[in-house]
Every structure is written in structure tokens, then in C-alpha cells.
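J.:
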Amino acid sequence: MSSVLDDIDTATWCLLCDLIAGTANISTGWPRTAADTVAAVMEALWTRQPIRHTTDPGHRHVPERFIALKCADPDLGTGRVAAAWCVARLAVYARHLPHSGVGCRHHQLAEVATTARHILASDEGSWLYTTSLAARYDRDRPFATPEFTAAITIIARSRLSGRDTIEFGAGTGAITRIAAPHTRSLIAIEPAIGMRAVLQQHTSNFDHVQVRSEDCMSVDLPDACADVVYEHAALCFVDEPLFAVAEAARLLRPGGAFVRIISTTEPPEPITVFNAAFHAQLRLLGHGPGRIVSSGNDLRITDWLSAAGITTQIDTIATWTSQQPLHRLIAPLLNGSYPYLAAIPSDERRRAIDGALTATRLDRDSLIRSAHAVKTASSRLDSAAIRMAGASR
1 MSSVLDDIDT ATWCLLCDLI AGTANISTGW PRTAADTVAA VMEALWTRQP IRHTTDPGHR
61 HVPERFIALK CADPDLGTGR VAAAWCVARL AVYARHLPHS GVGCRHHQLA EVATTARHIL
121 ASDEGSWLYT TSLAARYDRD RPFATPEFTA AITIIARSRL SGRDTIEFGA GTGAITRIAA
181 PHTRSLIAIE PAIGMRAVLQ QHTSNFDHVQ VRSEDCMSVD LPDACADVVY EHAALCFVDE
241 PLFAVAEAAR LLRPGGAFVR IISTTEPPEP ITVFNAAFHA QLRLLGHGPG RIVSSGNDLR
301 ITDWLSAAGI TTQIDTIATW TSQQPLHRLI APLLNGSYPY LAAIPSDERR RAIDGALTAT
361 RLDRDSLIRS AHAVKTASSR LDSAAIRMAG ASR
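Below, the structure is given as C-alpha cells:
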């Protein structure tokens, strides 16, 4: 991403900042020209590739929320939110990466980035998990099982008890509401407005829990303010997980711990085969592979910390098996409960499921046995070592 920062010229920085600040000079042809410029930056950030120069804005790859940037007559409101989306990320990269970007002539990036984050905090479509996805998130996730709850309770009692804690990517509060009774204080960070609304409902009875709209790669909290920073299945949704680890190091007091809660389900062969058949059916219906954020970050983070001289202790907290009918396991696919499926019409998701059932000769009521585990990966972060590792990244 350093190359993206380096490739943005002063005029582009000024355009982005002016759109956010509401000081853009509107003139004939301006919306189309501005939209092309914003879309070029957004595509680079979205695909994590260098800025691509093209004369056909219709071929830009941008989030669904900002498809209007590719239209013949883009609206100013979309342009402002799109600029906020870009600047919020660019400010994170500028904070963590060396770069030679020149910036804007008449705006301070930190101030504009704060405004950008405020805009995004109330924008429904700027995050992967929308309000409609948040409403069915808990229903389609296995977080309410007694075994999972017991495992998180063990972690809370042994790692979080009586401590000032921060949770990265709290989502709807599946972990938060179990952990909260054991902490001295808990700051639950969740950027998506839909998820955050459910999270606030689930934690409203805890006076010591604070819900904040933040990006865990750049948190507006003071240094050394927490004893523990923890996360569960959150870092696979951020643009660069290592930036979040660096933020955790900054937020932790000396001797504090960064705890990754890792829950896994080993899919038995019937589920693996079914999932492959389902996605094959989606491709036959004209739907290409969705943008699935990496789920392989835990090993990468552990290796990066090891290279910085920081050890990670892996502990298995609980293991168990479950048996459920196939229709329960594939409900998230049918309901479109993952961001990459949400844009696919429900009748086409159903057709893909029917086709996969036919192809695999599985029955909806077939009982599937799965193996589950909850582990923790705990690291005592050293800010100086993290900074050195970041400089060499």
C-alpha cells in the first residue's frame, strides 16, 4: 500500500479532502471527473493493488455501496462518502507505512481523517456487515452453544478477570457479553453501524462497557490504556491485520497481553464437498467468486511476531463434537448470511443449494458430525520490537 500513498498526487489529495470537508469547487463536468479520480483510488485500496489507470470507469472494481461512482452522472453525496472511505484507509496506511506522498496543501490529514471516520460511522453500506446481515448474524453462527459459552467463560475468568480490556471487532457482542462480567472495564470496538446497534443492545446492562465506532488499525485511545486486548475472528476483516497488532501493542500497558481467540470447526467431507458444489452452481448462474477476506491471518501474525522476537503461547481451551442436520449447517448459505452472498438474489441461492444437493446426492436432513475447538494465542507485546518489525515489513 506504500505505492498507493506514493502515487496520489497533491491534486487528488486535495480533491479527497475537499469532498469530505464540503469545500469542493463544483463546476461543469466536475462530478464525473471527480468520481473517476475517487474510483481509481478506491479500486486500489479495495483490491490492494497499485492505482490502475484506465479510460473506462465502468471497469473499476469498487465495493457495492459505491457502484454509483461508475455511473454517467454520479451524485455528490456518494462522492463524499466514497472520499471518506478512501481517506480513512489512507490515513491508516500513512500512520503505519513509510511513504513519500505529498498530501493536501490546505488540509491536515489527521483532521480530515477524523471527519471521514465520523461519516463512515453512520453510513450503512460502507462496511461488509450491513444491518440486514447483522440481524441474522447470531442466528446463523454457532456462538450460542453451551460448549462455546463455557470455553469463552474460562478465557474470561483466567485472562480478563479484573482487568481493563479492549475487544477488537466485537461484532454483535457474542464474546463481549460473556466476557464483560469478568472485566474491570471493557471497550468494545465495532465499526459497522448494523453490528454496533446489536452490540449496544447486548451490552446495555453493563455500566463498565463502552461501545465505540473505531477501526482497530487506528484507534483513538491513549497509549498504555489497557491490560488486555483480545479479538475473535476480527482480524480477517481488516485491510492489514499487522497494523491492528501494532495498535494493540500501543494500547497495552507494560506486560499486557494480546489474546487471539481462535474457534475452529473441522468440516467433515460431506460439508466440504457440498460447499464446493454450491459455489460451482453459483458460477453456473453467473456469479463469480466473492471477495472473501483472508482467513489465514493467525499463522501470519504468529510468524511476524516471532520474527520480532515475541513468542506466542497457544492453549487449547476446549474441544467437542456436535451433530446437526445438513439443512442447519447450510442455512447461512441459503440466507445469504455472508457479505459475498448477500448481493445474490435469494432464489438463485436456493437454486444453487438445490443443484448442490442433486450433485452430491445429499439429503437436507442428513446428520453431519463436526469437530470443534477453541484455542487462545497469547502474546506479550513489546512496542519497540513491533515498531522495528513494522519498519522492516
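Just so we're aligned, residue 1 is where the sequence shown starts under UniProt numbering, counting upward by one.
All C-beta atoms in this analysis are idealised placements derived from N, C-alpha and C, irrespective of residue type, glycine included.
DSSP three-state call for Arg349: helix, strand or coil?
T.: In the structure shown, Arg349 sits in a helix (DSSP, three-state: H, G or I).
J.: Determine, for Gly255, whether the minimum Cβ-Cβ distance to residues of chain D falls below 8 Å.
T.: Of the protein chains in this structure there is only one, and it is not chain D.
J.: Check the C-beta distance from Ala359 over to Ala249 and give it rounded, since I have them as a contact under 8 Å.
T.: No, Ala359 and Ala249 are not in contact; Cβ-Cβ is about 48 Å, not under 8 Å.
J.: Please report the distance separating the alpha-carbon of Asp298 from that of Cys14.
T.: Their Cα atoms are separated by approximately 37 Å.
J.: Please name the residue in Leu16, Thr23 and Val112 whose C-alpha comes closest to that of Ala82.
T.: Checked all of Leu16, Thr23 and Val112; the closest Cα to Ala82 is Leu16.
J.: Which term fits Glu124, buried or exposed, when burial requires 16 or more other beta carbons within 10 angstroms of its beta carbon?
T.: Exposed, since its Cβ has fewer than 16 Cβ neighbours within 10 Å.
J.: Using only alpha-carbon positions, find the residue among Ala226, Glu269 and Asp6 that is nearest to Gly162.
T.: The option with the nearest alpha carbon to Gly162 is Ala226.
J.: Once the 5 residues before and after Ile67 are set aside, which same chain residues still bring their CB inside 7 Å of it?
T.: Here the set comprises nothing.
J.: On the criterion of 16 or more Cβ atoms from any shown chain inside 10 Å, does Ala352 qualify as buried, or is it exposed?
T.: With 16 or more Cβ atoms within 10 Å of its Cβ, Ala352 is classed as buried.
J.: Taking only three categories from DSSP, how would you classify Phe278?
T.: Three-state result, Phe278: helix.
J.: Which residues does DSSP pair with His232 in a beta bridge?
T.: DSSP lists Ile261 as partners of His232.
J.: Cα separation between Tyr93 and Ile193?
T.: So the two alpha carbons sit approximately 23 Å from each other.
J.: Just checking, does the region 84 to 98 make contact with the region 113 to 127 on the three C-beta pairs under 8 Å criterion?
T.: Touching, yes.
J.: Within a Cβ cutoff of 7 Å, which residues of the same chain sit near Phe143, ignoring the five residues on either side of it in sequence?
T.: Excluding positions up to five away in sequence, the list reads Ala174.
J.: Under the rule that 16 or more other beta-carbon atoms within 10 Å means buried, what is Ala170, buried or exposed?
T.: So Ala170 ends up on the buried side.
J.: Please name the residue or residues paired with Ile187 in a DSSP beta bridge.
T.: For Ile187, which the question treats as bridged, DSSP gives the partners Ile166 and Gln210.
J.: Quick check: what's the CA-CA separation for Asp9 versus Ala84?
T.: When rounded, the distance between both Cα atoms is 17 Å.
J.: Alpha carbon to alpha carbon, how far is Gly288 from Ser2? Give it in angstroms, no decimals.
T.: Spanning the two alpha carbons is a distance of roughly 29 Å.
J.: In the DSSP assignment, what residue or residues form a beta bridge with Ala371?
T.: Answer is Glu266 and Thr321, bridged to Ala371.
J.: How is the alpha helix (DSSP H) around Pro181 delimited, first residue to last?
T.: Where Pro181 is concerned, there is no enclosing alpha helix (DSSP H), given that its DSSP letter is neither H nor E.
J.: Among the candidates Ile301, Pro241, Ala11 and Arg260, whose CA atom is the shortest distance from the CA of Ser218?
T.: Nearest of Ile301, Pro241, Ala11 and Arg260 to Ser218, Cα basis: Pro241.
J.: Quick check on this structure: which residue in Leu305, Ala224 and Phe243 has the alpha carbon closest to the alpha carbon of Gln313?
T.: Taking only the C-alpha atoms, the option nearest Gln313 is Leu305.
J.: Taking just the CA atoms, how far does Arg139 sit from Phe148?
T.: For Phe148 and Arg139, the distance between alpha carbons rounds to 15 Å.
J.: If you draw a straight line from the alpha carbon of Val38 to that of Trp127, how long is it in whole angstroms?
T.: For Val38 and Trp127, the distance between alpha carbons rounds to 18 Å.
J.: Could you tell me how far apart the beta carbons of Phe206 and Ala180 are, in whole angstroms, since I believe they sit closer than 8 Å?
T.: About 5 Å separates the two Cβ atoms, so the contact holds.
J.: Run through the DSSP bridge pairs and tell me what Thr376 is partnered with.
T.: Thr376 pairs with Ile261 and Asp315.
J.: Cα-Cα, which of Ala257, Leu326, Pro270 and Ser379 is closest to Asp303?
T.: Nearest option by C-alpha distance: Ser379.
J.: Which residue's Cα is closest to the Cα of Ala151: Arg136, Ala385, Ala384 and His372?
T.: The shortest C-alpha separation from Ala151 is found at His372.
J.: Can you have a look at Gln49 and say buried or exposed, based on whether 16 or more other CB atoms are within 10 angstroms of its CB?
T.: Counting Cβ neighbours within 10 Å, Gln49 comes out exposed, since fewer than 16 surround it.
J.: As a quick exercise: from Ala331, Gly103 and Trp320, pick the residue whose alpha carbon is nearest that of Asp365.
T.: It is Ala331.
J.: Which one of Ile20, His106, Ala384 and Leu97 has the shortest CA to CA distance from Pro254?
T.: Closest by alpha carbon: Ala384.
J.: Going by other Cβ atoms of all chains shown within 10 Å of its Cβ, with 16 needed for buried, is Pro98 buried or exposed?
T.: Its Cβ having fewer than 16 others within 10 Å, Pro98 is exposed.
J.: Return the first residue and the last residue of the alpha helix (DSSP H) that Leu16 is part of.
T.: Counting along the chain, the alpha helix (DSSP H) containing Leu16 begins and ends at Thr10 to Ala21.
J.: Can you give me the Cβ contacts of Pro63 inside the same chain, cut-off strictly under 7 Å, excluding the 5 residues immediately before and after it?
T.: Cβ within range, chain order: Trp46.
J.: Helix or strand or just coil, what does DSSP make of Asp215?
T.: Strand.
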